[in-house]
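Order-wise, the sequence lines are chains A and B.
With the working numbering as the guide, the letters of the first sequence map in order to residues 475 to 835.
With the working numbering as the guide, the letters of the second sequence map in order to residues 344 to 901.
Working notes for the structure below.
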Amino acid sequence: MDIRIRGVSKYYYSEGKTIKALDDVNLTIPANQIFTLLGPSGCGKTTLLRCIVGLEMPDTGEISIGDDVVWSKDRNISVPPEKRGLGMVFQTYAIWPHMTVFDNVAYPLQVRGAAKDRIRESVAKTLRFVQLEGFEGRPATKLSGGQQQRVALARALVAEPRVILFDEPLSNLDAKLREETRKELRAFLGKLQITAVYVTHDRVEALALSDSIAVMRSGQIIEIGTPKKIYFDADHRFVADFIGRANLVKARVRGVEGGYTMVDCGLGVIACQQRDVAVGSEATLCIRPEFIRIVGGEAPAAKNLVNGRIESLVFVGEAYEAEIRVGDEQLLAKIDPDAKLDEGDAVSFTLDPAHCLLVAV
Amino acid sequence: MDHTRSSKLTWLLIAIVGALTVCPVLMLVLGSFSEGLTAFGDFTTDKYVEVYTDPAFFEVMLNTTIFVLGSSTLSTVLAVFLAYLNTRTDIPFKFLFKIISIIPMMIPHLLFSVSWALLLNPSNGLINLGLMEAFSLDNAPFNIYSMWGMILIEGLLDLPIAYLIIAPAMASFDVALEESSRVSGASSWRTLFRITLPVLRPAILAAFILGVVRSLASFAVPSVIGMPGRVQVLATHLYEMIATGFATDYGKAAALGMSVLVASVTLIVVYRALTAESEKYVTIAGRGFRPTVIELGKARMPLFFVVGVLSFVLIVLPVAVLLYTSFVPYSMVPSARAFSMMSLKHWHDVLSDPISLLSLKNSLFLAVVGATLGVILSIFVAYVIVKVKTRASGVLDSLSYLSFSFPGIVIGVGFMWFFVQTPLYATIWALLLGYIATYLPYGIRPMSSAFIQIHSHLEESSLVCGASPLTTMRRIIVPLLVPGIVSGWILMASMFVRELTLSVVLSRPGTEVLAVQILRFSEDGLWGRLSALGIVMIGISTALVVTATLIGNRFRTV
Chain A
475 MDIRIRGVSK YYYSEGKTIK ALDDVNLTIP ANQIFTLLGP SGCGKTTLLR CIVGLEMPDT
535 GEISIGDDVV WSKDRNISVP PEKRGLGMVF QTYAIWPHMT VFDNVAYPLQ VRGAAKDRIR
595 ESVAKTLRFV QLEGFEGRPA TKLSGGQQQR VALARALVAE PRVILFDEPL SNLDAKLREE
655 TRKELRAFLG KLQITAVYVT HDRVEALALS DSIAVMRSGQ IIEIGTPKKI YFDADHRFVA
715 DFIGRANLVK ARVRGVEGGY TMVDCGLGVI ACQQRDVAVG SEATLCIRPE FIRIVGGEAP
775 AAKNLVNGRI ESLVFVGEAY EAEIRVGDEQ LLAKIDPDAK LDEGDAVSFT LDPAHCLLVA
835 V
Chain B
344 MDHTRSSKLT WLLIAIVGAL TVCPVLMLVL GSFSEGLTAF GDFTTDKYVE VYTDPAFFEV
404 MLNTTIFVLG SSTLSTVLAV FLAYLNTRTD IPFKFLFKII SIIPMMIPHL LFSVSWALLL
464 NPSNGLINLG LMEAFSLDNA PFNIYSMWGM ILIEGLLDLP IAYLIIAPAM ASFDVALEES
524 SRVSGASSWR TLFRITLPVL RPAILAAFIL GVVRSLASFA VPSVIGMPGR VQVLATHLYE
584 MIATGFATDY GKAAALGMSV LVASVTLIVV YRALTAESEK YVTIAGRGFR PTVIELGKAR
644 MPLFFVVGVL SFVLIVLPVA VLLYTSFVPY SMVPSARAFS MMSLKHWHDV LSDPISLLSL
704 KNSLFLAVVG ATLGVILSIF VAYVIVKVKT RASGVLDSLS YLSFSFPGIV IGVGFMWFFV
764 QTPLYATIWA LLLGYIATYL PYGIRPMSSA FIQIHSHLEE SSLVCGASPL TTMRRIIVPL
824 LVPGIVSGWI LMASMFVREL TLSVVLSRPG TEVLAVQILR FSEDGLWGRL SALGIVMIGI
884 STALVVTATL IGNRFRTV
């Protein structure tokens, strides 16, 4: 079931000022994908999710789920959340403390008036699916964080919703458990063939879980794409910077040469992945630390060879994090942990043009 | 709930709570400037001049200061001691501490004071009689009817509330602060005085200030212990103006009450600031936090003995004395002869005394009806304070907290000025309104915490699951509120059953209540009847508290 969002805006009024939580959002979430809304806190991603589920009313626009219009300002349609047939996992899990695991999971079926036998069967099946067999009689609050999270997932899934929504469901777990739960969630959702909308501010989570990512900032969607597209090939400086660590270097476009866009910058003349930008215009060159390759000994005559000096070197386990000074620019680089280098050493490195990304200023 | 409806509700509640809390204060102010109850509106400043230039006033102020500071110090020191033992050491039988913290709910202050008068009064106090017999003394060694007696009893009575403030702060204290002091080379005593107590200072000060407010408002101890020994404090001085002698003067009482009220309100403002600060002060990081336990070693048993004696003195002794006194014909030391003379005479007298029965009936009515109305009002007020966060709901929060600082007897005088102008005067409804207004914070607090517990996600997830708002109300919100409603009801009901300070002012022939009747017995020295009626009162309170605890536990385990 796909979700179509057209011209949705949402305003808040606080102390006489209008805050645009959502600013004319247009978005189509394709069916049976894991679609992530990613952005810094306050970017409107949770508001957008709550508009989809019906807990917030937008001020303009239209939202449809599958063939049903669930919200339309112009046509005066407003389907309340309980009639939208969705499932949702809340940030706090929202496990009802006065009920057992069984009652929590059975609730969506009970309020739909399903037969007792069917409820018992479906609950058992769903609990088996989230690996919580035998927990039916436990008070829901006596479970660990990860288990509560799976109860919340089971409750969201039990009524076989058209769409399942996640509001930062892993943010209350500690780092290790978060990684495990993320993998489980990916496996669960992979088996299900369901449209999932996932809200997070954690870029690793977004990259690891999603089929598509929409990056948001101040109520607007900046860019949509697959995790790889967003990471390697972002169009916007904000997206490139937000999704991972990046060195951002001011550059001026010289022209196109042999399939590369050539730029002038503090590192010299650099060949970049080809981009459609006007000659002479300003751009930002974005280089991820892991794509700075140190060249040992004799420097071969490679493309994008740059010379610099190591200013600092920090051992962080799987790599060295080095700060390399080139003229006025300072670059962060990830270097092999077995490299024989010291602070103050002169180094040469190459930049693969495929990973030299030009983004708008 | 949509915006306009909730803002209408907020303003309606502000009107109700405002009328209940501001009205008596306003009437007190106006009354203090009026000629008299029947001459309301003839303004004069005579009453202030009369009250504050009275030569007795200086002595009353001095007594009040000593009494208030003495009892607050005693209760705070004891509370710090007990809280430290409970949270930080390996003292045995820790459940005793929990009991110490809830007994004030069961044994009314009035009866606690009376039981100590029965034990330590100079003419026939049981302990005095026993000691005189044992050591063939001519005079009673102890006289409870004195300043030290008042301080001792009031200090013990305020101990539980001080403990309830200090113990949680002590429990959430980050031990790393102490450990780093020890590592830096300080001894454990030095650490206690340089680190532990200073960090806990806001909580300790808050407990002390609350003790001051409570002892300032206290009427039971000054009337039962202080008045026979002619130790006058503000509360009893005020009581004499309205209740004894031929010329009762509510104008003078109001003028005197103003200073008590102003002091109380100021202290409560300071108290709120301090508790806010103490929450800021005490921080624990990370989960699985457990304070290290200090091994008491050889001191373990002697310290436990002290705690045991305190629990005995606070809980067992008062009830035992009252029970014993209700059966013996007159005060005598327990002996074979005393037990052989035991009878149900006092019980029979009380249960056939029409005024005692009326007071029992009135108190039960006030408890049941008052607590029900109070809780209903509290539900709405708590809802607005917790869930509707507007500036108006902030006003409501402050208003509802205001009556927390009202000294009962003073606000009673304010209500008196009000009710005399209305047909409610000398009816049970006057008491009902006064009770609800004065004890509203005790209903709002459990309801607020119940509402806070209901995170909006719990409601929203029910909606997303497909439940209608009505189903959500029935299956999610109400079940989660029930424990709060029950405990709020019981708390209010048990306070109404033993209400004294407001009632001594507002109660008139026909509207006697239990505590007022007990006070009359005490003034007349009818100790046997007093004890029998007192046991009835303790029975009702205890039954309420036990039911509340059972219901609370039942809901908590699901």
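Every residue gets a Cβ at the ideal spot worked out from N, C-alpha and C, and that includes glycine.
Keeping to the same chain, check which residues put their C-beta closer than 6 Å to that of residue i; ignore five residues upstream and five downstream.
{"i": "Gly-777(B)", "result": "Phe-758, Leu-845 and Leu-849"}
{"i": "Tyr-768(B)", "result": "Phe-762"}
{"i": "Arg-524(A)", "result": "Glu-530"}
{"i": "Arg-478(A)", "result": "Thr-502 and Ser-538"}
If you follow the alpha helix (DSSP H) that residue i is part of, which residue opens it and which one closes it?
{"i": "Glu-803(B)", "result": "799 to 807"}
{"i": "Asp-501(B)", "result": "490 to 514"}
{"i": "Glu-658(A)", "result": "649 to 666"}
{"i": "Gln-584(A)", "result": "575 to 585"}
Which same chain residues end up closer than 8 Å to residue i when comparing Cβ atoms and leaving out the 5 residues on each side of it in sequence?
{"i": "Ile-881(B)", "result": "Met-449, Ile-450, Pro-451, Leu-454, Val-662 and Leu-665"}
{"i": "Leu-739(B)", "result": "Thr-353, Leu-356, Ile-357, Val-360, Val-724, Val-727 and Ile-728"}
{"i": "Pro-677(B)", "result": "Leu-469 and Tyr-667"}
{"i": "Leu-412(B)", "result": "Val-555"}
{"i": "Val-737(A)", "result": "Ala-725, Arg-726, Val-727, Arg-728, Val-743, Ile-744, Cys-746, Ala-757, Leu-759 and Leu-832"}
{"i": "Gln-837(A)", "result": "With chain A covering only 475 through 835, there is no way to say anything about residue 837(A)."}
Report the three-state DSSP secondary structure of residue i (helix, strand or coil).
{"i": "Asn-406(B)", "result": "helix"}
{"i": "Ser-377(B)", "result": "strand"}
{"i": "His-691(B)", "result": "helix"}
{"i": "Glu-785(A)", "result": "strand"}
{"i": "Gln-860(B)", "result": "helix"}
{"i": "Met-675(B)", "result": "coil"}
{"i": "Ser-640(A)", "result": "Ser is not the amino acid found at residue 640(A); the sequence shown has Phe there. Phe-640(A) falls in the strand class under three-state DSSP."}
{"i": "Cys-366(B)", "result": "helix"}
{"i": "Thr-892(B)", "result": "helix"}
{"i": "Met-690(A)", "result": "strand"}
{"i": "Thr-510(A)", "result": "strand"}
{"i": "Gly-468(B)", "result": "coil"}
{"i": "Ser-721(B)", "result": "helix"}
{"i": "Ile-487(B)", "result": "coil"}
{"i": "Gln-623(A)", "result": "helix"}
{"i": "Ser-530(B)", "result": "coil"}
Would you kindly work out how many angstroms separate the C-alpha atoms of residue i and residue j, rounded to a whole number?
{"i": "Glu-802(B)", "j": "Val-821(B)", "result": "11 Å"}
{"i": "Leu-659(A)", "j": "Asp-498(A)", "result": "31 Å"}
{"i": "Thr-700(A)", "j": "Arg-711(A)", "result": "17 Å"}
{"i": "Ala-614(A)", "j": "Gln-622(A)", "result": "7 Å"}
{"i": "Val-402(B)", "j": "Arg-734(B)", "result": "In the sequence under discussion, the amino acid at residue 402(B) is Glu, which differs from the Val named in the question. The alpha-carbon atoms of Glu-402(B) and Arg-734(B) are separated by roughly 45 Å."}
{"i": "Ile-627(B)", "j": "Leu-540(B)", "result": "Only weak support is given to the placement of Ile-627(B): the predicted model assigns it a pLDDT of 42, under 50, and the value that follows is read from those uncertain coordinates. Roughly 17 Å separates the two Cα atoms."}
{"i": "Leu-520(B)", "j": "Ile-538(B)", "result": "7 Å"}
{"i": "Val-555(B)", "j": "Thr-364(B)", "result": "21 Å"}
{"i": "Gly-629(B)", "j": "Ala-649(A)", "result": "Residue placement at Gly-629(B) is poorly supported in this model, since its pLDDT is 37, which falls under 50; the coordinates are not used for a value here."}
{"i": "Pro-465(B)", "j": "Ile-496(B)", "result": "16 Å"}
{"i": "Leu-687(B)", "j": "Met-675(B)", "result": "16 Å"}
{"i": "Pro-503(B)", "j": "Ala-483(B)", "result": "30 Å"}
{"i": "Ala-362(B)", "j": "Leu-703(B)", "result": "29 Å"}
{"i": "Val-625(B)", "j": "Ala-510(B)", "result": "Low per-residue confidence applies at Val-625(B): pLDDT is 47, beneath 50, and the placement is therefore not dependable enough to give any value."}
{"i": "Leu-887(B)", "j": "Gly-528(B)", "result": "52 Å"}
{"i": "Arg-652(A)", "j": "Glu-642(A)", "result": "11 Å"}
{"i": "Met-819(A)", "j": "Asn-781(A)", "result": "Residue 819(A) is actually Asp in this sequence, not Met. For Asp-819(A) and Asn-781(A), the distance between alpha carbons rounds to 11 Å."}
{"i": "Ser-805(B)", "j": "Glu-634(A)", "result": "16 Å"}
{"i": "Ile-945(B)", "j": "Ile-771(B)", "result": "It is not possible to answer for residue 945(B), since the shown part of chain B is limited to 344 through 901."}
List the endpoints of the continuous beta strand (DSSP E) containing residue i.
{"i": "Lys-491(A)", "result": "491 to 503"}
{"i": "Thr-758(A)", "result": "756 to 761"}
Apart from the five residues just before and just after residue i, which ones in its own chain have a Cβ nearer than 7 Å to its Cβ?
{"i": "Ala-460(B)", "result": "Ile-487, Val-567 and Ile-568"}
Are the C-beta atoms of residue i and some chain C residue less than 9 Å apart?
{"i": "Ser-811(B)", "result": "No chain C is present in this structure, whose protein chains are A and B."}
For the 8 Å Cβ check, are there 3 or more pairs between the region 825 to 833 of chain B and the region 752 to 766 of chain B? Verdict: no, contact absent.
If we count Cβ pairs, one from each stretch, closer than 8 Å, do we get three or more for the region 865 to 882 of chain B versus the region 683 to 698 of chain B? Yes, they touch.
Quick test of the definition: if touching needs 3 or more C-beta pairs under 8 Å, does the region 525 to 532 of chain A touch the region 554 to 561 of chain A? Cβ pair count under 8 Å is three or more, so yes.
Would the region 753 to 772 of chain A count as touching the region 800 to 810 of chain A if we require 3 or more Cβ pairs under 8 Å? Judged by pairs of C-beta atoms under 8 Å, the region 753 to 772 of chain A touches the region 800 to 810 of chain A, as three or more such pairs exist.
Flag this pair as touching only if the region 433 to 440 of chain B and the region 635 to 644 of chain B have three or more C-beta atom pairs under 8 Å; answer yes or no. Result yes; three or more Cβ-Cβ pairs closer than 8 Å.
Three or more C-beta pairs below 8 Å linking the region 369 to 388 of chain B and the region 570 to 581 of chain B: The region 369 to 388 of chain B makes no contact with the region 570 to 581 of chain B: fewer than 3 CB pairs, one atom from each, lie closer than 8 Å.
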